[in-house]
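A.B. asks: The numbering used here applies: residue 19 is where the sequence shown begins, and numbers increase by one.
Beta carbons are placed, not taken as given, at the ideal position from N, Cα and C, and that holds for glycine.
Every value quoted in this text rests on a predicted model; they were computed, and no experiment measured them.
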Amino acid sequence: PSAVYLFKEDGAYEGKRLYLTKIREEKDSPLIGEIRRRKHRDVEGKNPAEEKFLIYFTIDKVLPLTGDGQS
Numbered sequence: 019p020s021a022v023y024l025f026k027e028d029g030a031y032e033g034k035r036l037y038l039t040k041i042r043e044e045k046d047s048p049l050i051g052e053i054r055r056r057k058h059r060d061v062e063g064k065n066p067a068e069e070k071f072l073i074y075f076t077i078d079k080v081l082p083l084t085g086d087g088q089s
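Structure (structure tokens):
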């Protein structure tokens, strides 16, 4: 499986497109709680039995947000 992540910087049309390939997946990893930036009270306790996934990717290619990267 693969994915593309778009990162847009504040301001103009600047940023990056990251082309990714999934390399690993962990279910209900304790690392998820450690690396989360925020805890949302409205969702945190809604369904504690719900599975959470931590997905690892490799970055295959990085291109500018706009254009084909052929400058």
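Of all the alpha helix (DSSP H) runs that stay within the bounds of the region 26-60, which reach a length of 4 or more residues?
C.D. replies: You should have 49-53.
A.B. asks: What three-state label does DSSP hand P19 in the structure shown?
C.D. replies: The answer is coil: DSSP assigns P19 none of H, G, I, E or B.
A.B. asks: Start and end of the beta strand (DSSP E) containing K79?
C.D. replies: Start and end: F71 to P82.
A.B. asks: Could you name the residues of the same chain whose beta carbon sits closer than 8 Å to that of R42, not counting the 5 residues immediately before and after it, in chain order?
C.D. replies: So the qualifying residues of the chain are I73 and Y74.
A.B. asks: If I measure Cβ to Cβ from L81 and keep anything under 6 Å in the same chain, skipping five residues before and after, which residues do I get?
C.D. replies: Cβ within range, chain order: R35 and G87.
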